[in-house]
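So for the sequence shown, our numbering puts the first residue at 45; every next one is plus one.
A virtual CB, placed ideally from N, CA and C, is assigned to each residue, including glycine.
This one's a predicted model, so the numbers in the text were calculated from it and none came from an experiment.
Take a look at the structure below.
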Amino acid sequence: MDSGAAGRCAEKLVRDEILYKKPLGGGKTQYSALVNAGDMAAIEKFKEEVKKKTTSTLVNEGQVSEAVTLGGALKLRYEMRYVSSSDFDSTIKLLRNQESNYINKIVAVVSFAKDDSESVVLGKKIKNALKDGSYKMIFVDASTTPLGKDGYEQYCENMAQAMYHQGKDNNLARQYETNAKEALKKWKNRISGGEFIVYTSEKQDGERATTIEMLYSTLSDINKTKYKNCLEGTYNVTDNMYMPSSLKQGVACGVKQEVQGTFKSANPATKLENALGEAWKYEGKYWVDKPHLLISKIKISVEKIIKDAFDNGGRISIARIYDELKAEPFGFMPCNLSAFVLGFVLKEYVDGTFSWSDGLTNDVLSINKLQEMVDEIIKLQITPNPRYKDKYIVAMTEDEKAFNEATSIAFEISKSLCTSIEQTRERIRSKMKEYTFPIWTIKSIISDVETQTNKDILIKILDYYCGIANSNNMGAGSTSDNDIAYAIGKLCIENKEAANDLKILLNKEKCTEGMKAYLKEFDNGELITLAEKAGDSGQYINILRKKFDADAANWVWNVETAQQKIREVILEYKIIVESNKVISKSTTFENTVREWCDKCQYIRISYPAAKNYLDGFSAFLEVLYNVKKSGVILDSQKQKFYDLLIANADNFRTLYGNQIDLFKKVCEFYLEGFTDEEIKEIYNTIPTGSFTKDKTEYTNIINNKVEEYKRNSKSAKLKKIWKEKTNTDTPREWSKKYKMPILCMVEDKEIQIAKAAFGAVNKAHPDEASIDKAIAYFSTATFFTKLDDENARNKAFVDSIIKNYDVMLTNLDEVKQYLDSRITADAYDWFGLPEVEKKLRQMAEAKYNQGGCDKALEKIDNMILEDVKRYLKDLIKDNMIVGMAIIKDN
Numbered sequence: 045m046d047s048g049a050a051g052r053c054a055e056k057l058v059r060d061e062i063l064y065k066k067p068l069g070g071g072k073t074q075y076s077a078l079v080n081a082g083d084m085a086a087i088e089k090f091k092e093e094v095k096k097k098t099t100s101t102l103v104n105e106g107q108v109s110e111a112v113t114l115g116g117a118l119k120l121r122y123e124m125r126y127v128s129s130s131d132f133d134s135t136i137k138l139l140r141n142q143e144s145n146y147i148n149k150i151v152a153v154v155s156f157a158k159d160d161s162e163s164v165v166l167g168k169k170i171k172n173a174l175k176d177g178s179y180k181m182i183f184v185d186a187s188t189t190p191l192g193k194d195g196y197e198q199y200c201e202n203m204a205q206a207m208y209h210q211g212k213d214n215n216l217a218r219q220y221e222t223n224a225k226e227a228l229k230k231w232k233n234r235i236s237g238g239e240f241i242v243y244t245s246e247k248q249d250g251e252r253a254t255t256i257e258m259l260y261s262t263l264s265d266i267n268k269t270k271y272k273n274c275l276e277g278t279y280n281v282t283d284n285m286y287m288p289s290s291l292k293q294g295v296a297c298g299v300k301q302e303v304q305g306t307f308k309s310a311n312p313a314t315k316l317e318n319a320l321g322e323a324w325k326y327e328g329k330y331w332v333d334k335p336h337l338l339i340s341k342i343k344i345s346v347e348k349i350i351k352d353a354f355d356n357g358g359r360i361s362i363a364r365i366y367d368e369l370k371a372e373p374f375g376f377m378p379c380n381l382s383a384f385v386l387g388f389v390l391k392e393y394v395d396g397t398f399s400w401s402d403g404l405t406n407d408v409l410s411i412n413k414l415q416e417m418v419d420e421i422i423k424l425q426i427t428p429n430p431r432y433k434d435k436y437i438v439a440m441t442e443d444e445k446a447f448n449e450a451t452s453i454a455f456e457i458s459k460s461l462c463t464s465i466e467q468t469r470e471r472i473r474s475k476m477k478e479y480t481f482p483i484w485t486i487k488s489i490i491s492d493v494e495t496q497t498n499k500d501i502l503i504k505i506l507d508y509y510c511g512i513a514n515s516n517n518m519g520a521g522s523t524s525d526n527d528i529a530y531a532i533g534k535l536c537i538e539n540k541e542a543a544n545d546l547k548i549l550l551n552k553e554k555c556t557e558g559m560k561a562y563l564k565e566f567d568n569g570e571l572i573t574l575a576e577k578a579g580d581s582g583q584y585i586n587i588l589r590k591k592f593d594a595d596a597a598n599w600v601w602n603v604e605t606a607q608q609k610i611r612e613v614i615l616e617y618k619i620i621v622e623s624n625k626v627i628s629k630s631t632t633f634e635n636t637v638r639e640w641c642d643k644c645q646y647i648r649i650s651y652p653a654a655k656n657y658l659d660g661f662s663a664f665l666e667v668l669y670n671v672k673k674s675g676v677i678l679d680s681q682k683q684k685f686y687d688l689l690i691a692n693a694d695n696f697r698t699l700y701g702n703q704i705d706l707f708k709k710v711c712e713f714y715l716e717g718f719t720d721e722e723i724k725e726i727y728n729t730i731p732t733g734s735f736t737k738d739k740t741e742y743t744n745i746i747n748n749k750v751e752e753y754k755r756n757s758k759s760a761k762l763k764k765i766w767k768e769k770t771n772t773d774t775p776r777e778w779s780k781k782y783k784m785p786i787l788c789m790v791e792d793k794e795i796q797i798a799k800a801a802f803g804a805v806n807k808a809h810p811d812e813a814s815i816d817k818a819i820a821y822f823s824t825a826t827f828f829t830k831l832d833d834e835n836a837r838n839k840a841f842v843d844s845i846i847k848n849y850d851v852m853l854t855n856l857d858e859v860k861q862y863l864d865s866r867i868t869a870d871a872y873d874w875f876g877l878p879e880v881e882k883k884l885r886q887m888a889e890a891k892y893n894q895g896g897c898d899k900a901l902e903k904i905d906n907m908i909l910e911d912v913k914r915y916l917k918d919l920i921k922d923n924m925i926v927g928m929a930i931i932k933d934n
């Protein structure tokens with residue numbers, strides 16, 4: 045049915061429960077009458093079953109509880125339960141027994157009634173519960189708006205009909221069920237628009253709320269009475285603040301005093317920065333200067349428990365802080381706003397002077413750590429976890445302070461940057477990177493430096509600092525970075541001048557001196573000896589310094605690894621020294637590799653194609669092949685490269701000096717029939733860089749170069765023939781010289797073969813077949829004899845180009861000049877070009893208008909009448925325009 049008047053009428057009858065819609069498939073619907081003439085006895089039986097349902101069941105079926113739902117802070121604060129007279133007692137007893145589950149929440153019991161009698165019963169039950177005094181909850185009586193007799197009968201009748209028709213006519217059954225639920229929906233809507241009575245221990249006679257908004261206001265007042273300093277009672281913020289969706293971001297916003305994301309509001313009335321008021325970005329101690337602010341009261345409470353905890357044990361758990369704030373008078377709830385406020389009041393503890401601990405490990409209390417702590421403790425309120433371990437804010441120990449102070453002096457780092465073990469450790473590592481070489485090398489020269497502290501103590505502290513860079517340096521059973529820091533601090537407390545002595549030792553120059561001294565002893569000074577042979581002017585120390593680039597990782601401070609790096613440099617210098625005997629001399633490993641790559645660039649034989657012809661020499665060329673392709677010698681390949689270089693230096697010199705012999709072997713199939721001189725010429729055309737070509741690509745190159753060599757030989761012959769016969773380089777050049785297409789000089793029957801032959805001469809690289817055909821044609825062609833004959837050229841130009849316009853276009857040089865200046869194509873391409881015909885017609889018309897017309901008229905005047913008629917008749921046979929003009933005039 046369409047959406048016209050009939051359709052609207054039918055829909056109204058559905059709403060009035062006279063009709064119901066029955067789907068027929070294919071998008072069609074049938075409207076049928078709601079019949080009540082069924083088995084009335086059966087329907088009455090179903091109705092009795094329906095009437096056995098409790099009011100609570102009706103509330104659940106109709107989602108009537110949604111009439112009293114809370115949002116924002118109230119939703120988070122209140123624990124709502126919905127009851128009727130049948131389950132009132134059992135529900136409140138259960139809530140009383142589970143009272144410990146609802147700390148810092150307010151339990152609210154909302155009661156519903158289907159009729160006035162139930163409403164009276166509920167009123168008595170509520171008052172009795174309040175008199176008992178053991179029920180720590182409030183009651184919201186919504187039974188003042190009962191379902192009512194009519195609504196109840198409507199529900200029972202429709203639900204019984206639905207049960208009766210189920211299985212007989214499911215569409216009709218669903219319609220009755222919908223009607224039944226509609227009765228409950230109307231009840232829910234009346235409750236939302238009705239009044240409520242709120243009972244508390246203080247107001248046991250109840251407080252009437254005539255609208256749902258007044259109910260919300262009453263609940264807010266109850267909340268503020270219990271939690272006098274609650275956040276929601278003072279701060280006007282968006283509802284998002286009462287969700288636990290962005291806890292970590294909230295902490296960061298509070299610490300940094302920067303609002304973003306969820307915590308940023310465009311409405312001034314709900315801005316967090318406005319809520320905190322004068323405390324926001326306050327330069328001093330806002331809790332001291334402005335104690336009246338709510339945020340100050342929270343801060344004062346937190347500072348007190350932190351101070352007490354620090355005085356008694358040097359640490360406080362985040363759980364202890366949160367427990368304090370979730371209790372009265374603050375009543376913190378697990379939400380974004382609580383995370384934000386915690387970040388704000390604890391921001392003074394993330395300045396690097398306090399530590400984080402889980403009881404086993406310590407770290408600097410950074411913003412990230414505070415975020416984790418707060419996020420975890422708030423989520424714990426929502427989902428308890430028995431495996432949760434307390435996290436602590438820890439005050440700094442004397443050993444830690446001494447470690448930070450001594451490190452600041454020894455490494456010349458600002459004290460403001462050495463405020464925790466974690467921060468100081470990172471600064472140490474950064475400073476060590478500046479030294480390049482590990483600080484344990486200083487032990488090689490420490491005996492030569494005058495110090496006030498016992499050198500064994502200084503060596504021990506240096507070892508500890510190496511442990512800070514990498515705890516593995518401390519050996520098996522090493523302790524944590526924190527323990528190492530405490531040990532350094534203790535030694536510096538016991539040895540007051542240690543920090544100043546270390547200041548003299550810890551610098552880039554001393555580390556370099558230490559490494560040089562260490563290298564003199566390491567492997568009998570082999571690196572220094574090799575560097576002298578390479579002539580590197582002492583640059584070996586800088587090469588080694590690159591190996592100790594601390595940006596890579598902190599493992600470079602390990603002694604064994606450092607020795608490995610030194611041996612790597614020794615191997616590189618061995619390769620330099622041996623390579624200098626074969627290729628151009630270099631003083632660095634990088635330049636040596638580059639020289640090898642350059643050398644391989646000029647090997648015009650592909651290694652993959654040649655490897656089966658190399659016998660025992662193949663292994664070294666394979667290594668060179670990989671070096672050339674990658675541009676580097678991998679660390680894993682350096683020893684192999686060195687060993688093969690030692691064994692194959694002479695073989696490489698021989699191959700490089702005489703590549704032609706190997707070239708002949710590899711390309712024997714393609715070079716068959718060529719002389720040694722021709723093979724050499726072909727070899728010289730092979731592109732550089734062929735050494736790394738794969739076999740297929742290389743053989744294709746060889747094949748192409750051989751074919752090109754053959755082609756070029758014939759092409760040169762063809763061009764020589766043309767030059768000798770025409771004294772020009774190409775047909776195109778001849779055409780340009782004489783300002784006429786050379787095809788004019790060729791007989792019509794030869795046009796196509798001549799055009800192909802001319803194309804072969806014009807091309808820089810014609811194919812071999814075209815060359816052969818051109819040479820054959822030129823050997824018998826007769827047009828060559830006419831090319832130098834001016835009269836023959838003029839006749840050919842008139843016959844092939846000017847044609848019938850020759851009466852008007854008698855000056856051939858003028859015509860050629862005219863075409864050359866107006867046609868973009870070369871003269872070679874004028875033959876058969878439509879644009880040439882067009883331009884000649886235009887030129888002829890111009891000549892005709894300038895005097896040719898007068899000549900024609902004069903000739904007509906001199907003709908006898910019979911000749912004029914005959915000429916006119918012939919003209920109109922071939923010219924429709926003239927014929928139509930004669931017809932029109934008549």
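Can you tell me whether residue i is helix, strand or coil according to DSSP?
{"i": "Tyr326", "result": "coil"}
{"i": "Asn514", "result": "coil"}
{"i": "Pro67", "result": "Reliability fails at Pro67, whose pLDDT of 47 lies under 50, so the model's placement of it is uncertain and the value that follows must be treated cautiously. Reduced to three states, the DSSP call for Pro67 is strand."}
{"i": "Tyr646", "result": "coil"}
{"i": "Arg52", "result": "helix"}
{"i": "Arg431", "result": "coil"}
{"i": "Ser245", "result": "coil"}
{"i": "Gly82", "result": "Only weak support is given to the placement of Gly82: the predicted model assigns it a pLDDT of 49, under 50, and the value that follows is read from those uncertain coordinates. DSSP places Gly82 in coil when its eight states are reduced to three."}
{"i": "Ser779", "result": "helix"}
{"i": "Val184", "result": "strand"}
{"i": "Glu910", "result": "helix"}
{"i": "Ser628", "result": "coil"}
{"i": "Ala296", "result": "helix"}
{"i": "Phe376", "result": "coil"}
What do you get for residue i, buried or exposed, if any count of 16 or more other CB atoms within 10 angstroms of its CB means buried?
{"i": "Lys212", "result": "exposed"}
{"i": "Ala173", "result": "buried"}
{"i": "Tyr646", "result": "exposed"}
{"i": "Leu919", "result": "exposed"}
{"i": "Arg866", "result": "exposed"}
Cutting at 6 Å between CB atoms, please list the residues of its own chain near residue i, excluding the five before and the five after it.
{"i": "Ile349", "result": "Glu368"}
{"i": "Leu884", "result": "Tyr849"}
{"i": "Thr278", "result": "Leu338"}
{"i": "Ser474", "result": "none"}
When the cut-off is 7 Å and only beta carbons count, does residue i lie next to chain B?
{"i": "Lys817", "result": "This model lacks chain B altogether, as it is built from one protein chain only."}
Excluding the 5 residues flanking residue i on each side, which residues of the same chain have their C-beta closer than 7 Å to its C-beta?
{"i": "Val29", "result": "Because the chain is modelled from 45 through 934, residue 29 falls outside the range shown and cannot be assessed."}
{"i": "Lys268", "result": "Cys274, Gly277"}
{"i": "Ile365", "result": "Val346, Ile349"}
{"i": "Ile344", "result": "Trp331, Pro335"}
What does residue i pair with, by DSSP beta-bridge criteria?
{"i": "Arg59", "result": "The partner list for Arg59 (beta bridge, DSSP) is empty, contrary to what the question assumes."}
{"i": "Trp400", "result": "Asp407, Ile437"}
{"i": "Met124", "result": "Ala152"}
{"i": "Ser474", "result": "DSSP output for Ser474 lists no bridge partner at all."}
{"i": "Ile362", "result": "Bridge partners of Ile362: none, in fact."}
Ignore the nearest five residues each way along the sequence and tell me which others in residue i's own chain have a CB closer than 8 Å to its CB.
{"i": "Asn104", "result": "none"}
Kindly confirm or deny that the stretch 394-414 and the stretch 532-542 touch, where touching means at least three C-beta pairs closer than 8 Å.
The stretch 394-414 is not in contact with the stretch 532-542.
Cβ contact check for the stretch 421-430 and the stretch 505-516: 3 or more pairs under 8 Å
As far as the Cβ criterion goes, the stretch 421-430 does not touch the stretch 505-516, which means the pair count is below three.
Segment contact, 8 Å Cβ cut-off, at least three pairs: the stretch 443-455 with the stretch 322-336:
Segments in contact, no.
Does the pairing of the stretch 776-785 with the stretch 871-888 give three or more beta-carbon distances under 8 Å?
Between the stretch 776-785 and the stretch 871-888, the count of C-beta pairs closer than 8 Å reaches three or more; the two stretches touch.
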